[in-house]
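Chemist:
Residue numbers (this note's numbering): 32 to 352.
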């Protein structure tokens with residue numbers, strides 16, 4: 032209570048109207064008080080230690096004010112108490128959330144005779160991050176199984192859905208790696224925001240498999256007319272302009288998210304925009320057609336490819352004998 036910085040702060044709290052004209056004094060006092068706290072070996076204070084900041088009555092410190100201060104940190108029956116912890120790192124950063132996790136682990140040995148609960152912004156962000164990390168694995172499983180079933184029913188094939196799903200996962204992992212490289216190695220941002228992988232996976236898989244369905248539906252049709260190799264060529268040439276145009280437009284739409292100021296949305300905009308371009312110009316244009324050509328008619332096992340009817344001009348007009 033004898034700290035001169037504390038006396039200045041207390042005087043300003045007693046006269047709120049002075050705050051507007053003494054901002055510099057307040058900032059200096061707060062900086063000096065923080066510097067003193069940094070030298071304290073035991074930073075834990077009982078509520079009574081803050082009594083120096085309370086207004087005085089004729090008989091000393093106001094009992095009502097002291098009781099109000101106590102009840103800020105202690106329950107009425109003294110069965111629970113609260114500790115305020117201020118993290119050095121941001122509550123939304125990996126470091127801040129990792130510190131919160133360490134605090135929870137530290138409190139576990141003390142929960143034998145009670146319960147310790149951690150709340151606040153860092154706790155909320157940590158719970159969301161951990162939940163989304165678990166949900167990412169679950170979502171990947173459900174999404175890929177659902178996509179496989181849809182492709183199986185549409186293409187009447189087991190082989191094509193397997194390598195189409197493989198190319199989607201490959202495109203996603205490559206995109207995530209490049210995104211992490213760009214923001215961490217080139218822009219000196221330590222790690223992607225925790226929700227970026229989850230939403231990037233949802234967007235990229237949904238968009239990528241949509242193009243795959245469009246392309247392979249046409250490939251199956253053309254293979255019936257022209258055979259495996261030529262049918263793939265015709266299908267890619269026919270659908271290439273449409274898929275490319277849609278991919279470029281969609282990539283530009285998501286890239287617009289990079290104009291904001293929220294780091295996570297900037298990362299997500301780059302990831303989805305770049306991933307759509309990879310999917311458009313590499314996977315759907317080169318990789319998937321190459322696999323379809325490599326597997327040939329085996330791509331359509333076990334359903335096979337229905338043969339197209341012969342044109343009327345090729346049918347022998349002579350009557351049967």
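Every residue, glycine too, gets a C-beta built ideally from N, C-alpha and C.
The structure presented is a predicted model; accordingly, all values stated were derived computationally and were not measured.
By how many angstroms is the C-alpha of residue 220 removed from the C-alpha of residue 64?
Modeler: Roughly 32 Å between the two C-alpha positions.
Chemist: I think residue 39 touches residue 55, with their Cβ atoms under 8 Å apart; what is that distance to the nearest whole Å?
Modeler: At roughly 11 Å, the Cβ-Cβ gap does not stay under 8 Å, so residue 39 and residue 55 are not in contact.
Chemist: Between residue 186 and the rest of its own chain, which residues show a CB-CB distance below 8 Å, the 5 nearest in sequence each way excluded?
Modeler: 192, 247, 248, 251, 331 and 334
Chemist: Assuming residue 227 and residue 302 are in contact, meaning their beta carbons sit under 8 Å apart, how far apart are those beta carbons, in whole angstroms?
Modeler: 6 Å
Chemist: For residue 202, does the three-state DSSP call read helix, strand or coil?
Modeler: helix
Chemist: Candidates 241, 273 and 298: which alpha carbon is nearest residue 215's?
Modeler: 298
Chemist: Roughly how many angstroms separate the alpha carbons of residue 328 and residue 268, rounded to a whole number?
Modeler: 20 Å
Chemist: Where do the ends of the alpha helix (DSSP H) carrying residue 54 lie?
Modeler: 54-69
Chemist: Whose C-beta lies closer than 6 Å to the C-beta of residue 320 among residues of the same chain, with five residues either side of it excluded?
Modeler: 263 and 267
Chemist: With which residues is residue 112 paired in a DSSP beta bridge?
Modeler: 105
Chemist: State the start and end residues of the unbroken alpha helix (DSSP H) segment that holds residue 251.
Modeler: First-last of the alpha helix (DSSP H) with residue 251: 227-257.
Chemist: Pick helix, strand or coil for residue 164, following the three-state DSSP scheme.
Modeler: Helix, per DSSP.
Chemist: Got a sec? Which residues, its chain only, sit under 7 Å from residue 49 by beta carbon, not counting five neighbours each side?
Modeler: Take residue 49, set aside five residues on each side of it, and the residues of its chain with a beta-carbon closer than 7 Å to its own are 43, in chain order.
Chemist: By the three-class DSSP mapping on this structure, what secondary structure does residue 188 have?
Modeler: Strand at residue 188.
Chemist: What separation, rounded to the nearest whole angstrom, lies between the Cα atoms of residue 194 and residue 326?
Modeler: 10 Å
Chemist: Would you call the segment 276-287 and the segment 197-210 in contact, with 3 or more CB pairs under 8 Å?
Modeler: no
Chemist: Should residue 293 go down as buried or exposed, given a rule of 16 or more other Cβ atoms within 10 Å for buried?
Modeler: exposed
Chemist: Cα separation between residue 37 and residue 60?
Modeler: Take the alpha-carbon of residue 37 and the one of residue 60: they are about 7 Å apart.
Chemist: My guess is that residue 238 and residue 206 are in contact by the Cβ rule of under 8 Å, so how many angstroms apart are they, rounded?
Modeler: Contact between residue 238 and residue 206 does not hold, since the beta-carbon distance rounds to 11 Å and is not under 8 Å.
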